[in-house]
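First up is the structure itself, then whatever we jot down about it.
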Amino acid sequence: MVDCVFCNIAAGELPARMHETDDAEVVAFDDLQPQAPVHVIVIPRQHIPSFASLVLDDAELVSRMVRSIRVIAERLGIQETGYRVVTNSGPNAGQAVPHLHFHLLGGAELGRIA
Numbered sequence: 027m028v029d030c031v032f033c034n035i036a037a038g039e040l041p042a043r044m045h046e047t048d049d050a051e052v053v054a055f056d057d058l059q060p061q062a063p064v065h066v067i068v069i070p071r072q073h074i075p076s077f078a079s080l081v082l083d084d085a086e087l088v089s090r091m092v093r094s095i096r097v098i099a100e101r102l103g104i105q106e107t108g109y110r111v112v113t114n115s116g117p118n119a120g121q122a123v124p125h126l127h128f129h130l131l132g133g134a135e136l137g138r139i140a
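Under our numbering, the very last position in the sequence shown is 140; numbers go up by exactly one each time.
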């Protein structure tokens, strides 16, 4: 087993404020260092090191992660006002935990990034 903080959270071995995803293969929890009023991390239960590590067979899993993000955004009341979904892949992009994850950010005006 890979020593991975996100795998440990998914396994219930580390505490986190969890969000229901309606999908047994997708896990979501609040970021410990939030960058917005709503900052949720969405991960696959399966350990995949990064976005760059994805293979064609992972397409359905990524689709399920995206569906979970939409469900969580609705439950948290940010669907109407808008939200941002971000992934960082690799050290130059700022990926701090080597486990594929998406950041769901919202709850305030986030400003433009491009």
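Just so it is clear, CB atoms sit at the ideal spot from N, CA and C, and this is done for glycine as well.
Less than 8 Å separates the beta-carbon of residue 54 from that of residue 66. Of the residues 100, 47, 48, 43, the one whose Cα lies closest to the Cα of residue 58 is 43. Burial state of residue 140 is exposed, judged by a 10 Å Cβ sphere holding fewer than 16 other Cβ atoms. Straight-line spacing of the CA atoms in residue 119 and residue 78 works out to 11 Å. The criterion of a C-beta distance shorter than 8 Å is not satisfied by residue 133 and residue 98.
Beta-bridge pairing by DSSP links residue 45 to 54.
Separation of residue 74 and residue 83 (C-alpha to C-alpha, rounded to the nearest whole angstrom) is 12 Å. If the five residues before and after residue 34 are omitted, its C-beta is found closer than 7 Å to the C-beta atoms of 40, all from its own chain and listed in chain order. Judged by beta-carbon spacing, residue 126 lies beyond the 8 Å limit of residue 62, meaning their Cβ atoms are not closer than that value.
When DSSP assignments are scanned along the region 75-114, the uninterrupted stretches of alpha helix (DSSP H) that are 4 or more residues long and fall wholly within it turn out to be 85-101.
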